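So the sequence shown is numbered by the UniProt record's numbering: it starts at 1 and just counts up by one.
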Amino acid sequence: MAAQAAGVSKQRTAAEGLGCNQRAEKYLGQDFETLRQQCLDSGILFKDPEFPACPSALGYKDLGPHCPETQGIVWKRPTELCPSPQFILGGATRTDIRQGGLGDCWVLAAIASLTLNEELLYRVVPRDQNFQEDYAGIFRFQFWQYGQWVEVVVDDRLPTRDGQLLFLHSEEGSEFWSALLEKAYAKLNGSYEALAGGSTVEGFEDFTGGVSEFYDLKKPPASLYQIIRKALRAGSLLGCSIDVSSAAEAEAITSQKLVKSHAYSVTGVEEVDLHGHPEKLIRLRNPWGEVEWSGAWSDNAPEWNHIDPRKKEELDKKAEDGEFWMSFSDFLKQFSRLEICNLSPDSLSSEEEHKWSLVLLHGRWAQGSAAGDCQSCPGSS
Numbered sequence: 001m002a003a004q005a006a007g008v009s010k011q012r013t014a015a016e017g018l019g020c021n022q023r024a025e026k027y028l029g030q031d032f033e034t035l036r037q038q039c040l041d042s043g044i045l046f047k048d049p050e051f052p053a054c055p056s057a058l059g060y061k062d063l064g065p066h067c068p069e070t071q072g073i074v075w076k077r078p079t080e081l082c083p084s085p086q087f088i089l090g091g092a093t094r095t096d097i098r099q100g101g102l103g104d105c106w107v108l109a110a111i112a113s114l115t116l117n118e119e120l121l122y123r124v125v126p127r128d129q130n131f132q133e134d135y136a137g138i139f140r141f142q143f144w145q146y147g148q149w150v151e152v153v154v155d156d157r158l159p160t161r162d163g164q165l166l167f168l169h170s171e172e173g174s175e176f177w178s179a180l181l182e183k184a185y186a187k188l189n190g191s192y193e194a195l196a197g198g199s200t201v202e203g204f205e206d207f208t209g210g211v212s213e214f215y216d217l218k219k220p221p222a223s224l225y226q227i228i229r230k231a232l233r234a235g236s237l238l239g240c241s242i243d244v245s246s247a248a249e250a251e252a253i254t255s256q257k258l259v260k261s262h263a264y265s266v267t268g269v270e271e272v273d274l275h276g277h278p279e280k281l282i283r284l285r286n287p288w289g290e291v292e293w294s295g296a297w298s299d300n301a302p303e304w305n306h307i308d309p310r311k312k313e314e315l316d317k318k319a320e321d322g323e324f325w326m327s328f329s330d331f332l333k334q335f336s337r338l339e340i341c342n343l344s345p346d347s348l349s350s351e352e353e354h355k356w357s358l359v360l361l362h363g364r365w366a367q368g369s370a371a372g373d374c375q376s377c378p379g380s381s
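Okay, here's the thing in structure tokens:
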């Protein structure tokens with residue numbers, strides 16, 4: 001009876017819209033508005049009891065309490081790091097994503113892709129937050145978990161060393177949305193260290209609730225360029241990586257400045273005219289914010305001098321920001337795997353539009369009735 005009642009309750013709350021982006025579930029029961037108002041009334045900045053600024057939030061092994069990597073860490077609020085901190089400064093862009101001392105490039109690649117679609121970004125990062133009006137040291141973010149949106153609150157105490165943010169940070173020293181988003185995702189996963197190592201598509205799905213597909217770039221479909229272009233236009237999130245044959249190769253840098261076993265964001269495609277022939281290009285971004293491809297079509301490569309000057313001006317942005325162009329043929333040669341997270345189950349390989357629907361089934365495993373139970377097995381009923 002208890003299970004049946006719980007099922008009825010879940011159906012009722014779902015029917016009322018609980019778990020949608022506008023009425024996300026409160027993670028660990030923490031309500032942002034209530035907690036912020038309590039802090040404003042008391043005049044005390046929020047300190048999160050569920051994810052305290054202490055060694056357990058950092059990690060358990062490589063970032064454990066007694067590891068050298070965690071020595072000298074001081075938790076500071078943005079108001080202690082700069083005179084005029086901003087949540088978002090001049091719009092949230094992919095250049096706000098610079099990797100720190102945490103091996104979570106897969107998360108950063110997903111966040112960088114998220115910035116290409118404002119509607120998606122502001123689902124995850126509610127923009128009605130700042131360090132000025134009603135500031136109480138508390139911020140909120142939303143993630144897709146097990147078929148529903150959940151809202152995660154964090155205080156704004158961030159790990160620093162020598163006055164600098166230790167992990168994810170913005171190119172702008174006074175902007176903090178990306179660092180706080182990383183902290184909220186770390187809380188959802190248990191610690192910062194829990195984010196070290198993963199698949200970009202995990203981040204894609206947690207940020208969108210989308211449906212993912214994978215392509216082996218050693219055996220790509222003939223229409224892959226069109227698929228990528230369609231995906232970007234549809235607001236899908238895309239990432240890619242280079243496989244390694246052993247763990248020793250992880251994050252090794254090739255002679256042409258590509259990083260193995262490292263997550264890159266796909267941020268654009270373009271076709272240009274080169275000596276009278278079409279040349280397909282693809283734009284990628286390294287979440288380190290530096291270390292860029294040095295081959296054909298890289299910054300300052302001679303190929304840019306042989307296309308329409310107006311197109312060159314539009315595309316050829318020379319900056320050590322981790323973003324670069326390369327030819328699509330080189331992309332297929334150099335990279336091993338492409339991940340696309342679509343915002344609907346429609347196949348990107350088709351030009352047709354399809355109607356689709358979503359069905360969520362809530363249930364539980366029960367001996368004798370759940371899928372996979374063999375009626376002839378001993379103990380089954």
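Beta carbons are placed, not taken as given, at the ideal position from N, Cα and C, and that holds for glycine. Note that the coordinates shown come from a computational prediction; the quantities given were computed from them, not determined experimentally.
- A direct Cα-Cα distance of roughly 50 Å separates residue 58 from residue 273.
- Excluding sequence positions up to five before and after residue 212, its CB lies within less than 8 Å of the CB of 201, 204, 205, 339, 340, 341 and 342, all in the same chain and listed in chain order.
- About 4 Å separates the beta carbon of residue 48 from that of residue 155, a gap short enough to meet the 8 Å contact definition.
- In the structure shown, the three-state DSSP call for residue 37 is helix.
- If you draw a straight line from the Cα of residue 152 to the Cα of residue 28, it is about 8 Å long.
- In this structure the stretch 172-183 lies against the stretch 91-111, because at least three pairs of beta carbons, one per stretch, are closer than 8 Å.
- Along the stretch 123-189, the alpha helix (DSSP H) occurs as fully enclosed runs of 4 or more residues at 177-189, listed in sequence order.
- As the crow flies, the alpha-carbon of residue 83 is around 13 Å from that of residue 163.
- Closest option to residue 125, judged by alpha-carbon separation, among 192, 24, 193 and 309: 24.
- Burial is judged here by how many other beta carbons sit within 10 angstroms of a residue's own beta carbon; residue 160 has at least 16 and is buried.
- Secondary structure of residue 311 (DSSP, three-state): helix.
- In the displayed model, residue 225 falls within a helix according to three-state DSSP.
- For residue 268, the enclosing beta strand (DSSP E) begins and ends at 264-274.
- When DSSP states are grouped into helix, strand and coil, residue 77 belongs to the coil group.
- By the criterion of a C-beta distance shorter than 6 Å, residue 323 is surrounded in its chain by 285, once the five residues flanking it on both sides are discounted.
- For residue 28, the secondary structure class from DSSP, reduced to helix, strand or coil, is helix.
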